[in-house]
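Inspection log for the structure reproduced underneath, given as structure tokens.
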Amino acid sequence: MRTWATRSIPVLAILITASLSQWASPPLAAEREAPTRGIAGIVKDEAGHPLAGAWVTAVNTTTTSRPRETVVTDESGHYVVPDLPGLGPYEIRVRVYGYADRWIKNVSVGAVVNIEYGSQDRLGSKETAAQYPAQYWVSLLDSPSDSKVKAAGFADQRAWMGQLAMNCMLCHQLGTSITRRPKTRAEWDAVLKLAGSMDNFANLLNRDLLLDTLAGWSEKIQGGALPPESPPKPTGKEARYILSEWEVGTPFSYQHDLAAAYVWDPTIGAAPPKGAAGKWIYTGDIGWGTIYGVNTETGQVKVWDIPFVPAKKWAFQSWNVYPWKSNPHTLEVDKDGRLVILADISDEDGAGVFPVGNRDIVIFDPRTESWIPIVTKCDTHTVRIDQQGRYWLSGNIDLLCMYDPSTKTERQWKLPVEFKSIGGFLYGIDVAPDGTVWFSQPWGNTIGRYDPATDTIKQWEIPAPGFGPRRLRTDSKGNVWLPFANGHLGVYEPKTERFRFWATPGPKRQSPSSSADYHYNLFVDRTGNAGKRDTVYISGTDSDGIIAFDPETEAFVTYRVPTLGFFIRELEAFDGGIWTVYSNDPAKHVEKDPNQEAPVPRLVKLKFPR
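So in this note's numbering the end of the sequence shown lands on 596, straight run, no missing numbers.
What follows is the structure, given as structure tokens:
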């Protein structure tokens, strides 16, 4: 996927003998005590001046999961990659906007690696723009006129562009080198027919209108148009983080979700596998019906096939290479460290409420590597566990579901406001500390609440500027936080019964003015496990980052990932950080390293200095 120049240079590794306290303004002062476990250095430009905002990544090439650590150079150009496991050798990559990548091989822990760029390393405007996150290229995409979208049956441009974002960025980014490659109208039509999901969504959006819009975007790019804005280099708070990554799966994996910890007490992590120790994080490969486990202390990876495989295959996502077996979608950790997984485990479809397909529930206990299947009368899509241990389930049309494992009983509630077809589809769901259950209907642009005290459901339509609420979460005060498909963050405050909205950082489309980002999901750190309590962490699904929002100061901080194609969904807090996984469908949309034949999804931890 890389489209710009890189240069690999030999570097003499010099052992660090001085304390890191002798470095001026080290990026992470807390790590200064252990210099021999890290790699440090200075990055300078062609004039010998310090380069702030450069990403420095150390990749362990001796472990199958290729663990990597990334830090950002400070204002003095210094960096320290701390706490690297083993002695290496490591490969070091330096990336900074406007310069060719540098790759340095065979670097040992304890080395000093200084980088000085030359004038020949400077990139032109086109090569530099190829380093930008996908959203900067999407900012060139113009919306059809208001009259055209209304003629196509949509309320306004906000509704049509919101539906485009939800449908065209459902599985991978829009604006990557693959998707922005110029195509004629006929070529776009052929591309949309490659997958049933894309073909269906194209018709939903009015195929002619969509083809005209995409072809117009291609014509602009083919004519030499470049993004009108440039992403800023990370500085200040946006540069003060450590990014840890582990490859998980294969080039053909579709890692949809992950499970890290019990949400009500994130000090309770998922249990380690049978006979193992350490801290383990689990992911679900939806395309292959498998569960992966990663030991984040050693880099070891294990994989299990979900043992229940229905005869009927019903998934309609993009790649025909997937066998689409049990189709695991969401994973949650219960209070005992087990995994609650939503997967297709039976050909039985309880009450036939959602005959397109029917996921159920399966419990996986890693300690015994045993599985418990639970067939329900509902299709299951996203699960959240309440403080009584009950499973609240989305995934049906105009129907809320709950399963109680203690009594092995379930209930369904029909929603008072019903939609036609996909508009009534429940996706996001969460349980507030007071026991109320909140859900979203992205295509219907509504949220709803079930109140167990009164056994009633109420729904609200989302006002402008919000559109397309996906996976919502509640904070410790019961406020409901909403990620929107049109690049906004929202909150609904039950006490005041009002909505509030913020446009998230990043470029805006010129015609009409609107955000170019897409937010699949968010997570509210109710306990402060990763940092400040109730911080909202938003999936920058089209912007290669995780965006933090402080409700008290109403300030955003964008933590950018230097790998292009960082398409993410689920976020969780555990072990002092925020966890996610590359969730591209297919994985080929992720940027690969130069020595890789194909990219592999990665498990990700973002942590901050205390």
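Beta carbons are placed, not taken as given, at the ideal position from N, Cα and C, and that holds for glycine.
* Asked: Going by the beta-carbon positions, is the gap between Gly409 and Phe425 smaller than 8 angstroms?
  -> no
* So is Ala502 in contact with chain D if we call contact Cβ pairs under 8 angstroms? -> Given the protein chain composition of this structure (a single chain), no chain D is represented.
* Name the DSSP bridge partner or partners of Lys400? -> Leu385
* To do: Please classify Val295: does DSSP put it in a helix, a strand, or coil?
  => coil
* Asked: Cα-Cα, which of Cys387, Glu404 and Phe405 is closest to Arg397?
  -> Cys387
* **For Phe294 and Pro602, the rounded distance between their alpha carbons** => Missing from the structure shown is residue 602; the chain here goes from -13 to 596 and no further.
* Starting from Glu81, follow the beta strand (DSSP E) in both directions and report where the run begins and ends. => For the record, residue 81 in the displayed sequence is Arg; it is not Glu. Element bounds for Arg81: Tyr76 to Arg81.
* Could you tell me the boundaries of the beta strand (DSSP E) in which Asp511 lies? => Leu508 to Asp511
* Asked: When the Cα of Thr47 is compared with those of Trp41, Met152 and Glu55, which residue comes out closest?
  -> Glu55
* Asked: Under a three-way DSSP split, which group does His575 fall into?
  -> helix
* Asked: For Asp291, which of Leu156, Val348 and Val82 has the nearest alpha-carbon?
  -> Val348
* Coil, strand or helix - Trp41 by DSSP -> strand
* Quick one: is Lys518 buried, meaning 16 or more other Cβ sit within 10 Å of its Cβ, or exposed? -> exposed
* **Which listed residue (Gly235, Ile101, Gln208 and Gly84) has its alpha carbon closest to that of Ile653** => Because the chain is modelled from -13 through 596, residue 653 falls outside the range shown and cannot be assessed.
* **Classification of Ser501 by the beta-carbon crowding that lies within 10 angstroms, buried from 16 upward** => buried
* Asked: Based on Cα-Cα distance, which residue from Asp322, Ile331 and Lys321 lies nearest to His315?
  -> Ile331
* Determine the burial state of Arg81: buried for a count of at least 16 other Cβ atoms within 10 Å of its Cβ, exposed for fewer. => buried
* Segment contact, 8 angstroms Cβ cut-off, at least three pairs: the stretch 247 to 263 with the stretch 306 to 313 -> no
* Does the beta-carbon distance from Pro595 to Tyr240 come in below 8 angstroms? -> no
* Quick one, are the C-beta atoms of Gly563 and Ala516 less than 8 angstroms apart? -> yes
* Cβ contact (3+ pairs, closer than 8 angstroms) linking the stretch 111 to 123 and the stretch 137 to 153 -> no
* Between the Cα of Thr366 and those of Arg376, Ile327 and Thr395, spot the shortest distance and give me the residue it belongs to. => Ile327
* Beta-carbon separation of Arg370 and Asp416 under 8 angstroms? -> yes
* **Neighbour-count burial assignment, Gln208, 16 or more Cβ in a 10 Å radius** => exposed
* **Distance, Val93 Cα to Ser525 Cα** => 33 angstroms
* Asked: Once you ignore the five residues that flank Leu127 on each side, which residues in its own chain have a CB closer than 6 angstroms to its CB?
  -> Trp203
* To do: Count the C-beta pairs between the stretch 158 to 172 and the stretch 459 to 478 that are closer than 8 angstroms, then say yes if the count reaches three, no if not.
  => no
* CB-CB under 8 angstroms to Glu95, same chain, minus the five flanking residues each way: which ones, in chain order? -> In the sequence on display, residue 95 carries Val and not Glu. For Val95, where only same-chain residues beyond five positions count, the Cβ hits under 8 angstroms are Thr22, Arg23, Gly24, Ile25, Leu70, Gly72, Leu73, Gly74 and Tyr76.
* **Cross-strand partners of Ser426 (DSSP beta bridge)** => Ile433
* Asked: Just how far apart, CA to CA, sit Gly110 and Ala86?
  -> 10 angstroms
* How many Å lie between Ser7 and Gly39 at the Cα? -> Low local confidence applies: a pLDDT of 31 at Ser7 is under 50, so the model's placement there is unreliable, with the coordinate-based value given in what follows. Straight-line Cα distance between these residues: approximately 21 angstroms.
* Who are Asn281's beta bridge partners in DSSP? -> Trp266
* Asked: With distances taken from CA atoms, which of Ala151, Ala120, Glu231 and Val99 is nearest Thr566?
  -> Glu231
* To do: Pick out whichever of Thr43, Tyr103 and Val45 has its Cα sitting closest to the Cα of His35.
  => Tyr103
* Thinking just about the alpha-carbon of each residue, which of Pro587, Gly476, Lys593 and Met184 is nearest to the one in Val234? -> Pro587
* To do: Using three-state DSSP, classify Glu556 as helix, strand or coil.
  => coil
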